[in-house]
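The block underneath contains the structure these notes are about, expressed in C-alpha cells.
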Amino acid sequence: MENKKDFLDWITSIDRKFIFAIIAIVVLIPILLGIQEEVQISPSVNSAYRTIENLDSNDVVLISIDYDPASMPELQPMLKAMLRHAFRKDVKVIMMCFWPLGLPIGTQGLEQVAAEYSKAYGKDYVNIGYRPGDRAVMVEMGREIRHFFRTDVSDVPLDSFPLMKDIHNYNDISLVVGLEAGIYGDYWVQYVGSRYNQRIILGVTGVMATQTYPYLQSGQIEGLIGGLKGAAEYETLIGTPGFGLTGMAAQSWAHVAIVVFIIIGNIGYFLTRRREKRFRVEGRR
Amino acid sequence: MKKQVPLLITFLTGFIVIVSFFVPHRPFGILETQVLTWYAIIFGFTMLIGVDSLIRLHVRKTQRRKKGWWYSIVFFAGFLYCFVTGVISLIRTSNPFSPGTVFFYGYRTILIPLQSTMFALLAFFIASASYRAFRARNIDATFLLIAAVIVMIGRVPAGYKLWPRLPEVANWILNVLQMGPMRGVMIGIALGAVAMSLRLILGIERTYLT
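Top line first, the protein sequences correspond to chains G and Y.
All letters in the first sequence, in the order written, are residues 1163 to 1447 by my numbering.
All letters in the second sequence, in the order written, are residues 14 to 223 by my numbering.
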C-alpha cells in the first residue's frame, strides 16, 4: 500500500526539472548526432513544390521574409529549400521583408544559396530590403514597386539591375512566397491575392498552420508549408536534406515525450480520483 | 474643430481607399497612392512612439525602485547599444545590417541567441504544462485531448512508424474538423472588422479621439 502511494505521488507530481531534462535530452541527441528521419509528404507541401516546379527561367518569385530569429529554426530551412528549388530551375528571385529583424537572416540565407548555385546579384536575384507600412506597401506594389522601393537593401537604384528593368508590379511577378511568423500571411492573401489575383504560397510556423489551412482549401493560396515538418517535406521533395530533416527528428522525439507525459499525468489523475472515491465510500461505511 | 478635422480626415481616407479598390483610375488611384504613402510614413513614426513609451515606463520603474527595477538597467544598456551602434553603422555603410558592422555583430551574437532561446523555452514549458493541465476531466476535454495527441503524433515521423495511416487521420482532423470552426472564426473577425471600419469612416465610433 505504501509503495502504491509512493508511485501515485510520483506520477501526479513529477518535478518540472525532470520534465525539462527529458525534453532537453530528446531534443539534443538527434541534433548532435545528426539523425534524420523520413517524413511523409503532405498534399499542401506537394502543392507548393509543384507550383515552383512549374515555373521556368522567365519567371520571377517574390519572397517576403516576415519573421525574426525567434522563428528562424522553423522558417529558415523553408527559405533555403525553396531558394534551392528556385535557383535550380533558374527562376529569378526578389527578396523583401516586413520584419526589420528578419532582414539579416533572410539576406544570409539568400546569399548562401545564391553562392551554391553561382547566381549573380542584380541578374538572377535582388534583395530590396525592408519597408515599414505593411498593407500600404503590399497594395502599392500592385501599381509600381518603385513607389516604395526605389533602391535595394544597399541603396543601389533598382533600375540599375538588369533583373528589375521590366519588373514594375505584380503583373511581372509570377509568384509571391510569404514566410510568415505573424499576421502578414493573411495580409498577402487579403490585399494582394484578392485584389491583384496574385498567386501565393505561404510558409508558416507550426502553430499558425491551422489558421492558414482555410486559405489553401478555398484556393486562395497555391501551397502551404507548415512548420518544421513542412520544411523537412520540402527538403525531401528537392532531394537536399538540411536542418529541416534533422530538426524533425528532434521534434518527433519531443512530441513523443510530451505525449508520454500527458499519458502519465492522466493515469495519475484517474488513479487519484479512484483512490479518493474509494476513501469516500470507506468513510461513509 | 478638434473633433471635426480628425473625423473628416478619417472619412476621406476611408472613402478614397474603398472607392479606389473598385475604381483604381484617376483621380482615386493617385489619391490612394498618396494616402498609402502617408500611412507608411506614419507607420514609421509609430515606432518612435513605441520607443518613447518604453523609455518612460522603464524610467518610472527605475525611479520608483519597483520590483525587478534592475532589469530596466539591462533595457537601457541594450537600447543605448542598439542606438549608438545603429547610428555609427548607418553612417559608415548604407545598411546597418551589413556584415562587419558593430550593429550586425550585436545582432548576430546577442539578439539571435536571445530570441532563439526565448522561443526555445516554449518547448520546455509546453511539456510541463501539458503534463499538469491536459487532463481528461470531462467528455469535451477528452475529445480535445485525443485530437491533440493524434495531431501531435501524426504530424511527426514517429506517428507514421506507429501506424502508417496516422498522418492521414491527423491531416483529416486539420482539414475537416478544425477547418469549419476556424473558418467561422475568420468570417466573424472579417465581419467585425468591416463593421468597425464602417463605424470609424462614418464617424459613429469616436473613442480614438479621446
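All C-beta atoms, glycine included, are put in the ideal place defined by N, C-alpha and C.
Small disclaimer: the values here were computed from a predicted structure and weren't measured.
Can you pull the DSSP bridge partners for residue i?
i: Leu-1448/G; result: This structure cannot speak to residue 1448/G, because chain G is shown only from 1163 to 1447.
i: Pro-1319/G; result: Thr-1313/G
i: Asn-1289/G; result: Met-1257/G
i: Val-1422/G; result: DSSP lists no partner for Val-1422/G.
i: Ser-143/Y; result: Ser-143/Y is not bridged to any residue.
i: Val-1223/G; result: Val-1255/G and Leu-1337/G
i: Asp-1228/G; result: Glu-1342/G
Classify residue i: buried if its beta carbon has 16 or more other beta carbons within 10 angstroms, exposed otherwise.
i: Thr-114/Y; result: buried
i: Met-14/Y; result: exposed
i: Met-1163/G; result: Summary for Met-1163/G: the model assigns pLDDT 49, below 50, so the residue's position carries little reliability, and this model does not support an answer.
i: His-1417/G; result: buried
i: Gly-1271/G; result: buried
i: Asn-1289/G; result: buried
i: Gln-76/Y; result: exposed
i: Phe-41/Y; result: buried
i: Ser-1219/G; result: exposed
i: Asp-1230/G; result: buried
i: Arg-1293/G; result: buried
i: Ala-1343/G; result: buried
i: Ile-202/Y; result: exposed
Consult DSSP for residue i and reduce its assignment to one of helix, strand or coil.
i: Ser-33/Y; result: helix
i: Ser-1204/G; result: coil
i: Tyr-1279/G; result: coil
i: Ile-1187/G; result: helix
i: Met-60/Y; result: helix
i: Ala-1371/G; result: helix
i: Met-1300/G; result: helix
i: Phe-137/Y; result: helix
i: Gly-1347/G; result: helix
i: Thr-223/Y; result: coil
i: Pro-40/Y; result: coil
i: Leu-1217/G; result: coil
i: Lys-79/Y; result: coil
i: Gly-27/Y; result: helix
i: Ile-1307/G; result: helix
i: Gly-1355/G; result: helix
i: Ile-1429/G; result: helix
i: Lys-3/Y; result: The displayed coordinates of chain Y run from 14 to 223. Any statement about residue 3/Y would go beyond what the structure contains.
i: Lys-1327/G; result: coil
i: Thr-1402/G; result: coil
i: Ile-1176/G; result: coil
i: Ser-1414/G; result: helix
i: Ser-66/Y; result: helix
i: Met-131/Y; result: helix
i: Glu-1397/G; result: helix
i: Arg-1440/G; result: helix
How would you write the range of the alpha helix (DSSP H) that residue i sits in, first residue to last?
i: Pro-170/Y; result: 170 to 175
i: Ala-1243/G; result: 1234 to 1250
i: Leu-211/Y; result: 192 to 214
i: Thr-98/Y; result: 83 to 105
i: Glu-181/Y; result: 179 to 185
i: Phe-110/Y; result: Phe-110/Y -> no alpha helix (DSSP H), and no H or E assigned at all.
i: Ala-160/Y; result: 152 to 167
i: Ala-115/Y; result: Here residue 115/Y turns out to be Val, not Ala, going by the sequence shown. 115 to 119 is the span of the alpha helix (DSSP H), which, as asked, contains Val-115/Y.
Using a C-beta cutoff of 8 Å, does residue i count as contacting chain A?
i: Arg-1293/G; result: Protein chains G and Y are contained in the structure displayed, whereas chain A is not.
CB of residue i to nearest heavy atom of the ligand SAM: below 7 Å?
i: Glu-1444/G; result: Judged by which ligands are present, the structure shown has none, so any question about the ligand SAM falls away.
Could you tell me whether the segment 1312 to 1329 of chain G touches the segment 62 to 73 of chain Y, where touching means 3 or more Cβ pairs closer than 8 Å? With the cut-off at 8 Å, the segment 1312 to 1329 of chain G and the segment 62 to 73 of chain Y do not touch.
If we count Cβ pairs, one from each stretch, closer than 8 Å, do we get three or more for the segment 1387 to 1402 of chain G versus the segment 1185 to 1193 of chain G? Contact between the segment 1387 to 1402 of chain G and the segment 1185 to 1193 of chain G is absent, because fewer than three Cβ pairs lie under 8 Å.
Three or more beta-carbon pairs under 8 Å between the segment 1244 to 1251 of chain G and the segment 1229 to 1236 of chain G, yes or no? By the C-beta criterion, the segment 1244 to 1251 of chain G is judged not to be in contact with the segment 1229 to 1236 of chain G, since fewer than 3 inter-stretch pairs fall below 8 Å.
Can you find at least 3 beta carbon pairs, one from the segment 1237 to 1246 of chain G and one from the segment 1400 to 1409 of chain G, that sit closer than 8 Å? Judged by pairs of C-beta atoms under 8 Å, the segment 1237 to 1246 of chain G touches the segment 1400 to 1409 of chain G, as three or more such pairs exist.
Are the segment 1370 to 1388 of chain G and the segment 182 to 198 of chain Y touching, with three or more C-beta to C-beta distances below 8 Å? The segment 1370 to 1388 of chain G, when compared against the segment 182 to 198 of chain Y, does touch it at the 8 Å Cβ threshold.
Could you check whether the segment 1257 to 1270 of chain G touches the segment 1298 to 1315 of chain G, counting it as contact only if at least three pairs of C-beta atoms, one from each stretch, sit closer than 8 Å? Touching, yes, given that three or more Cβ pairs across the two stretches are closer than 8 Å.
Per the contact definition of three or more C-beta pairs closer than 8 Å, is the segment 1166 to 1175 of chain G in contact with the segment 1421 to 1433 of chain G? Segments in contact, yes.
At least 3 beta-carbon pairs within less than 8 Å: the segment 1437 to 1445 of chain G vs the segment 1283 to 1290 of chain G: Contact between the segment 1437 to 1445 of chain G and the segment 1283 to 1290 of chain G is absent: fewer than three C-beta pairs spanning the two stretches fall below 8 Å.
Does the segment 34 to 54 of chain Y touch the segment 68 to 86 of chain Y, meaning 3 or more C-beta pairs lie closer than 8 Å? The segment 68 to 86 of chain Y vs the segment 34 to 54 of chain Y: no contact.
For the segment 1346 to 1360 of chain G against the segment 162 to 174 of chain Y, do three or more pairs of beta-carbon atoms, one drawn from each stretch, fall closer than 8 Å, so that the two count as touching? In short, these stretches do not touch, since the Cβ pair count stays below three.
Any contact of the segment 1296 to 1307 of chain G with the segment 1336 to 1354 of chain G, i.e. 3+ C-beta pairs under 8 Å? The segment 1296 to 1307 of chain G makes contact with the segment 1336 to 1354 of chain G: 3 or more CB pairs, one atom from each, lie closer than 8 Å.
Counting Cβ pairs, one atom from each stretch, are 3 or more of them under 8 Å apart for the segment 1199 to 1219 of chain G and the segment 88 to 108 of chain Y? They do not touch, by the three-pair rule.
For the segment 1376 to 1393 of chain G against the segment 1209 to 1216 of chain G, do three or more pairs of beta-carbon atoms, one drawn from each stretch, fall closer than 8 Å, so that the two count as touching? Contact between the segment 1376 to 1393 of chain G and the segment 1209 to 1216 of chain G is present, with at least three C-beta pairs closer than 8 Å.
Cβ contact (3+ pairs, closer than 8 Å) linking the segment 1263 to 1278 of chain G and the segment 16 to 35 of chain Y: In short, these stretches do not touch, since the Cβ pair count stays below three.
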